[in-house]
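Chemist: Our numbering puts the sequence shown at residues -9 to 258. We treat Cβ as the ideally placed atom computed from N, Cα and C, and that holds for glycine. Since we're looking at a predicted model, the values are computed, not measured.
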Amino acid sequence: MEIISRISKGSRMDQVYIPKNRAGFSIGQYVTIMPLERLNSEKEDGKRIKPYFYNVKNLEPIKTRIIEEVFNLVNKEINPENIIITGSFLEKGFSFNDLDILIIDDKKIDVSLIKNKIESLTGIKTHIIVISKNELLSGLSIDPLYSLMLSKCVSKERIIFRIKRNINYKLLDLNLLKSKSLIDGFELLNGKEKYYLTFNMVAILLFISGKKLNREIVNKKIEELCKININELKENMVKNDFLKKYKEVYNKTFKTILEKINEQNEPF
C-alpha cells in the first residue's frame, strides 16, 4: 500500500498526517519517507545507480546519499558516458566549499541547467567540467592535476585507465609559475592560499619524478621538504624558515623543468 501525503509545519516538529482508516501501516511500524519525485524516478528507471568508490574511506552516509542523488539526476537529464565526483567533498567532515563534478562525454553539453538543478537539490555550490574520454586520458598523461583529481573519486561507471606519462614540461612551467606568487607575496597570503600554492609546486615535483600522486602523498612530501606540519601551513602559522625552504624547492623544481625543456629542444 502507498499513501501520498504532504509535510505540515508543526510548532515543535514538522509532521506527515495519514488517515486512520487504512490497510497496513500499523501503529509502531517503521516506514520510509521519500520525495514523490524520487519515488516516481525510481519506478521509471527500474533501479538506481550504485557508485564506484576509489580511495574513499569512511564517507559520511549523507554524502553518499547526495552522490547517488546527483548521479541519478545527471543520468536522467543527459545520460553521459561517465560522471565523476572529486575534490574536497570526499574529504572527512563538512568543511568542503563546493561539489566538483566531471562529466565524461563526447557530445556538447550545456551544463547550466544541470548545475542549477544540482544546487537546488543539494544546496551545495557546484562546479562542472565536461570533458571527452580522450581529453581526460591526455590530461592524465601530461598534467598532475588530473592525476590528483582521480586519485580519490566516486564514479558512475567503473574507471579503468592504463596511463603512460607523456610530460609536457612547457605546460608544467606555466603551472609552476602560479606557485611563484607565494615567494613574491608571502606576507599578503592567507594559510589556504599558501597551502594551495605549496601543494601545486610539490605535486609538480613529484609528477616529473615519476611518483604516484594523491593528496596524502603530496602533503607528506610538503612536510618532509619544508620541515613543517601541514596544519601549520593551512592555519598560516609558518614563518621565514618555511619561506627559505620553499624557495629551495621551487628553484629545484624550476631548474629540473628548464633542463627538460632544453633537452627536448636540442636537435638530433
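#1: May I ask you to report which of helix, strand or coil DSSP gives Ile198?
#2: Residues in its own chain within less than 7 Å of Leu269 by CB, not counting five upstream and five downstream?
#3: Am I right that Leu223 and Gly181 are in contact with their C-beta atoms under 8 Å? What's the rounded C-beta distance?
#4: Going by the CB atoms, is the gap between Lys168 and Ile187 shorter than 8 Å?
#5: Do Leu135 and Ile149 have their C-beta atoms within less than 8 Å of each other?
#6: Judging by CA-CA distance, which residue of Ile(-6), Met191, Ile220 is the nearest neighbour of Phe244?
#7: Restricting to runs no shorter than 4 residues, where is the alpha helix (DSSP H) found entirely within the segment 193 to 249?
#8: For Val46 versus Lys170, is the C-beta spacing smaller than 8 Å?
#9: Confirm, please, whether the CB-CB distance from Ile93 to Ile75 is below 8 Å.
#10: Can you have a look at Lys242 and say buried or exposed, based on whether 16 or more other CB atoms are within 10 angstroms of its CB?
#11: Taking the alpha-carbon of Lys201 as reference, which of Glu238, Ser1, Ser131 has the nearest alpha-carbon?
#12: Quick check on DSSP: helix, strand or coil for Gln5?
#13: Take Phe43 as the anchor and find which of Asp88, Val208, Ser145 has the nearest alpha-carbon.
#14: Suppose the cutoff is 8 Å on Cβ atoms and the five residues either side in sequence are ignored; what does the same chain contact list for Glu67 look like?
#15: Can you list, in chain order, the residues of its chain whose CB lies under 6 Å from that of Ile91, leaving out five sequence neighbours each side?
#16: For Ile173, which three-state DSSP category applies?
#17: Please determine, among Leu203, Ile17, Ile173, Leu215, the residue with the shortest C-alpha to C-alpha distance to Ile260.
#18: Note down, one range per segment and in chain order, each beta strand (DSSP E) of at least 3 residues found wholly within the segment 103 to 166.
#19: In three-state terms, what does DSSP make of Phe43?
#20: When the Cα atoms are used, what is the spatial distance from Phe86 to Ile57?
#21: Tell me where the beta strand (DSSP E) around Asn72 begins and ends.
Modeler: Straight from the coordinates:
#1: helix
#2: Given a span of -9 to 258 for the chain in the structure shown, any question on residue 269 remains unanswerable.
#3: 6 Å
#4: Here residue 187 turns out to be Leu, not Ile, going by the sequence shown. Their beta carbons are under 8 Å apart, which means Leu187 touches Lys168 by this criterion.
#5: no
#6: Of the candidates Ile(-6), Met191, Ile220, the one whose C-alpha sits nearest the C-alpha of Phe244 is Met191.
#7: 205 to 216, 220 to 224
#8: no
#9: Remark: C-beta atoms of Ile75 and Ile93 do not approach each other more closely than 8 Å.
#10: exposed
#11: Ser131
#12: strand
#13: Ser145
#14: Counting only residues of its own chain and dropping the five nearest sequence neighbours on each side, Glu67 has a CB closer than 8 Å to the CB of Leu103, Ile104, Lys107.
#15: Ile75, Ile118
#16: Assigned with DSSP and collapsed to three states, Ile173 falls in helix.
#17: One cannot answer for residue 260 here, as it falls past the ends of the chain, which runs -9 to 258.
#18: 116 to 121, 143 to 145
#19: strand
#20: 14 Å
#21: 72 to 76
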